[in-house]
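Data block below; observations after.
Residue numbers (the working numbering), protein chains in the order written: chain A, 20 to 268; chain B, 597 to 859.
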């Protein structure tokens, strides 16, 4: 049957929802600990009508996008440079080893001290998480470019750094850099929650508020909100990636 | 062959040697190589692998630096570039369509967008692939890819075309087909061609002159003119004779070299 995979995945999702619904409904789990899926539409409507939902989505989305742009932009530039020039890589080698293992959440105290409880603090924390992923992906992608293609471009007279970058390195490294960007796309949502735990308004802070009031249905509403936002972004990313990599068989 | 012989050489290689050092071990790839190529001449360089044939082309392209000797190029003033190289593997840039691949070398010139497109199309037409201008490289066969690589080299209108075993990775039918195409293109464009191959029969079929390299480091072992009128017939007795003679000379030289070793 051709539709078997579709049917099976729908079945899996339905079974998951059924078990979830049954657990609080038959008091296997107290309702205060786990809201039933059927409670969620109401909770969502309450949040939506008060305008809070839209505002929180708007705030988080702006942290997310700005943080992602900064982190991935700087990560790609430095990754490409260290990939192209060993001198720059050696120069930064120990700086990287020193800074890399610090979890981005550990920067929260500094973020607050430097930027205050402000959007900039959240953007900063998010961009650090994104930075490393894209940095290493870009560096490896540039290193991995086929030597033969570089020689070919050399043979046609493109020998300066910028010429090589444009004619061969960047296009050849694009698939590898895109893998890094896609990983970072998911990682950045985790960073959003973490960054907003420090009090900057957004989905993360709203979840913390709700959880301190034991409003678990609202917590789940925002968990799902994040899942949907991520899903849409990933789908858009894959769509544009396919257009960008049309040349791949 | 004909009027060609009077003009000064377009390539003069004198005493060319190349050695490199790796992990403290010095390897000599070429030693004392002399070679003159006249304008419009088709010279084939033969020799087994590791004899420095490709290295010679890389030196000419300025992709490798010689340790000793000199290379002098006297390209026709009308030529935009002195040299263009066709590699053994087509090395098409997979993210560029066929036409864009052919245009690559032109992006280094002062030609306008329209001129680049026209010249690229002209080169593609010359190799008979105009219809495939919009394809991606992965959609081409091995022979088509090599034709595109040839068009890419021709598009920059080089004075001299260097070819590094360009047909050796192709099946026999495709190879013979491309050999004849090359003969036709050479007749149409009058290009000077320096063609490296390990296939002596191919060298004799294509070239005006065959230069055999041998030994380690590589040296010139034999030089033979192929004074057979064109169009040549594949497998003609005159060609086979020259082939046999070149092979015999290489074998004799190799035997002599071994004796030197023993002593």
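Where a beta carbon is used, it is the ideal one built from N, C-alpha and C, also for glycine.
| Check | Outcome |
| --- | --- |
| For residue 597 (chain B), three-class secondary structure by DSSP | Bear in mind that a pLDDT of 46 at residue 597 (chain B), under 50, signals an unreliable position, so the number given afterwards is only what the model happens to contain. If DSSP states are grouped into helix, strand and coil, residue 597 (chain B) belongs with coil. |
| For residue 184 (chain A) and residue 150 (chain A), the rounded distance between their alpha carbons | 21 Å |
| Inside the segment 746-825 of chain B only - beta strand (DSSP E) runs reaching at least 3 residues | 754-760, 788-793, 805-810 and 815-821 |
| Closest residue to residue 242 (chain A) among A:186, A:191, A:54 and A:118 (Cα-Cα distance) | A:54 |
| Alpha-carbon to alpha-carbon, residue 637 (chain B) and residue 806 (chain B) | 11 Å |
| is_contact[residue 762 (chain B), chain A] using C-beta, thresh 8 Å | no |
| Inter-stretch contact at 8 Å, needing at least 3 Cβ pairs: the segment 119-138 of chain A / the segment 217-227 of chain A | yes |
| Distance, residue 810 (chain B) Cα to residue 828 (chain B) Cα | 27 Å |
| Residues bridged to residue 179 (chain A) (per DSSP) | Partner(s): none; residue 179 (chain A) has no beta bridge. |
| Contact residues within the segment 632-657 of chain B, judged by C-beta distance below 9 Å to chain A | 654 and 657 |
| Complete beta strand (DSSP E) runs within the segment 628-684 of chain B (minimum length 3 residues, chain order) | 638-642, 664-669 and 677-682 |
| 7 Å CB neighbourhood of residue 249 (chain A) in its chain, flanking five on each side removed | 205 and 208 |
| When A:174, A:211 and A:187 are compared against residue 124 (chain A), the one with the closest alpha-carbon | A:211 |
| Whole-Å CB distance - residue 728 (chain B) paired with residue 736 (chain B), under 8 Å assumed | 7 Å |
| Inter-residue Cα distance where the pair is residue 724 (chain B) and residue 838 (chain B) | 32 Å |
| Exposure label - residue 740 (chain B); buried when at least 16 CB within 10 Å | buried |
| Residue 114 (chain A) versus residue 106 (chain A) - alpha carbon distance | 14 Å |
| Straight-line Cα distance separating residue 93 (chain A) from residue 72 (chain A) | 31 Å |
| Same chain, Cβ closer than 8 Å to residue 41 (chain A), neighbours up to 5 away in sequence not counted | 47 |
| Segments of 4+ residues assigned as alpha helix (DSSP H) that fall wholly inside the segment 203-260 of chain A | 222-231 |
| Simplified DSSP assignment, three categories, for residue 267 (chain A) | coil |
| Chain-ordered chain B contacts of residue 167 (chain A) [CB-CB under 9 Å] | 683, 685 and 687 |
| Contact belief for residue 91 (chain A) with residue 153 (chain A) at Cβ below 8 Å, rounded distance in angstroms | 5 Å |
| Residue range of the unbroken alpha helix (DSSP H) whose run includes residue 61 (chain A) | 59-68 |
| Listed by chain order, chain A residues near residue 704 (chain B) by CB distance under 9 Å | 175, 176, 177 and 182 |
| 8 Å Cβ cutoff met for residue 180 (chain A) and residue 103 (chain A) | yes |
| Contacting positions in the segment 821-842 of chain B - beta carbon closer than 9 Å to chain A | none |
| Buried versus exposed, by CB contacts within 10 Å (16 or more), residue 854 (chain B) | exposed |
| Chain A residues whose Cβ lies nearer than 7 Å to that of residue 690 (chain B) | 266 |
| Where residue 171 (chain A) meets chain B, residues with beta-carbon distance less than 8 Å | 683, 687 and 689 |
| Residue 126 (chain A) to residue 764 (chain B) span [Cα, whole Å] | 59 Å |
| Contact set between the segment 41-69 of chain A and chain B, restricted to residues whose Cβ is under 7 Å from the partner | none |
| Reference residue 656 (chain B); option with closest CA among B:758, B:770, B:622 and B:699 | B:758 |
| Cβ-Cβ separation, residue 606 (chain B) to residue 690 (chain B) (assumed contact under 8 Å), whole Å | About 34 Å separates the two Cβ atoms, so there is no contact after all. |
| Chain A residues whose Cβ lies nearer than 8 Å to that of residue 701 (chain B) | 175 and 176 |
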